[in-house]
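Enquirer:
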Amino acid sequence: MIENLFIKVIEASFLGSIAGLIILLIRCILKNKINSKWIYLLWMIVIIKLMVPFGPESNLSIFNKINSIKFSTSINNNYDKNIAETTDNNINIIKGDYKNTATNYDSSKNLVNNISYIWLTICISLSLVFTSSYFIMKNKIKEKSFYYDGSLDEVLTQCKAKLKIKRNIKIVINDYIKTPAIIGIFQPTILIPINTLEFKQNEIEYIFIHELSHLKRNDNIINLLLTMNQSIHWFNPFIWYMSKIIRQDMELATDELVLSRINNNEYKNYGFTILNISSSLNKYKTSTRVIGMSNDKKSLEDRIRNIKLMDKINKRKKYIQ
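UniProt numbering puts the sequence shown at residues 1 to 321.
1. With 16 as the cutoff for other CB atoms within 10 Å, does Val-9 come out buried or exposed?
2. For the beta strand (DSSP E) that Ile-34 lies in, which residues bound it at each end?
3. Return the first residue and the last residue of the alpha helix (DSSP H) that Val-9 is part of.
4. For the putative contact between Met-250 and Tyr-40, defined by C-beta atoms under 8 Å, what is the C-beta separation to the nearest angstrom?
5. Please report how far the alpha carbon of Val-155 lies from the alpha carbon of Asn-229, in whole angstroms.
6. Run the CB neighbour count on Lys-109, radius 10 Å, all protein chains shown included, and call it buried at 16 or more, exposed below.
7. For the stretch 145 to 164 and the stretch 202 to 211, state whether three or more C-beta atom pairs, one from each stretch, are separated by less than 8 Å.
8. Please return the same chain residues whose Cβ sits closer than 8 Å to the Cβ of Tyr-148, not counting the five positions on each side in sequence.
9. Does the structure place the stretch 236 to 250 close enough to the stretch 186 to 197 that three or more beta carbon pairs sit under 8 Å?
10. Straight-line CA distance for Ser-127 to Lys-200?
11. Assuming Leu-50 contacts Gly-16 (C-beta within less than 8 Å), just tell me the rounded distance between them.
12. DSSP has Phe-146 in a bridge; who is on the other side?
13. Do His-214 and Ile-291 have their C-beta atoms within less than 9 Å of each other?
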């Protein structure tokens with residue numbers, strides 16, 4: 001059972017890596033030519049395939065190849081038995097070959113079985129580490145939270161209306177997560193760093209719209225699936241790299257949704273808000289367990305470049321009209 005599951009995971013990891021390479025190539029060729037949301041949608045196919053390695057079997061399936069080998073071995077064994085019955089002189093040789101083949105097969109089976117249990121052990125261990133780190137982070141946020149007087153509720157309500165979101169969303173002012181972020185799937189909470197309260201109202205609005213955009217696009221669920229994929233496919237470094245790229249594209253696609261909800265003349269202000277938030281992150285690293293508004297330097301450069309591109313496109317449209 002575990003061996004079959006492990007083989008399916010290996011197969012999914014291999015095919016997922018190939019699909020990921022193709023998407024990276026498309027991403028490179030069509031960069032700045034199509035919206036990031038389309039690239040992000042392509043990534044969804046890979047994420048689902050990696051999460052659900054079970055599906056219709058194909059001729060290219062590794063598992064099918066193994067079954068084919070077993071079937072061929074069975075035919076060869078029957079053929080060898082017939083030869084043994086009709087050729088007395090070679091019977092001892094054939095039996096000896098059969099025993100060697102059976103021994104090699106058992107050794108290979110034991111090796112796959114052992115590797116399968118190692119994979120499962122590390123998979124469960126990583127899942128426990130990710131889960132425990134999430135709850136530790138939540139406790140740290142709770143410990144370093146400040147009294148919230150409800151002064152931002154009206155701004156949040158206006159931003160929810162822009163995105164047509166009706167869910168109840170909690171605001172927590174804290175000094176643990178250094179960038180605005182959203183956390184939680186069933187009870188979403190927007191985390192606001194204490195220093196962010198000094199921002200102007202329009203900047204607070206951009207922050208809320210950004211985090212609400214993550215919620216509207218179900219990015220918190222996608223982020224969870226990425227973490228689960230990293231646990232399941234821990235042996236494949238490309239899956240870890242791909243998860244990092246997907247999170248970057250997640251931010252680019254979210255920025256595009258934000259820009260579609262604000263006025264064209266606000267694009268630069270939104271970009272400056274991102275830079276303003278990033279300036280306070282030089283000494284801190286954002287956890288992958290939350291969806292923060294600011295990331296690493298490379299991702300930040302791509303986002304600002306994308307905002308500038310969207311600004312130019314809108315100016316051209318305005319000029320043509």
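Even for Gly, the Cβ is constructed at its ideal location relative to N, Cα and C.
Being a predicted model, the structure only gives us computed values, none of them experimental.
Expert: Taking the geometry as given:
1. By the neighbour-count rule (16 or more Cβ atoms within 10 Å), Val-9 is buried.
2. Where Ile-34 is concerned, there is no enclosing beta strand (DSSP E), because DSSP gives it neither an H nor an E.
3. 2 to 29 is the span of the alpha helix (DSSP H), which, as asked, contains Val-9.
4. Their Cβ separation, rounded to whole angstroms, is 6 Å, which keeps Met-250 and Tyr-40 in contact under 8 Å.
5. Distance between the alpha carbons of Val-155 and Asn-229 is about 36 Å.
6. Counting the other CB atoms within 10 Å of its CB gives Lys-109 a total below 16, which places it among the exposed residues.
7. By the Cβ criterion, the stretch 145 to 164 is in contact with the stretch 202 to 211, since at least three pairs of Cβ atoms, one from each stretch, lie closer than 8 Å.
8. Excluding residues within five positions, the ones whose Cβ falls inside 8 Å are Ile-171, Val-172 and Ile-173.
9. No, the stretch 186 to 197 does not touch the stretch 236 to 250.
10. Cα-Cα distance, rounded: 40 Å.
11. Leu-50 to Gly-16, Cβ: 5 Å. Contact.
12. Checking the DSSP bridge columns, you'll see Phe-146 partnered with Ile-173.
13. Closer than 9 Å, so yes.
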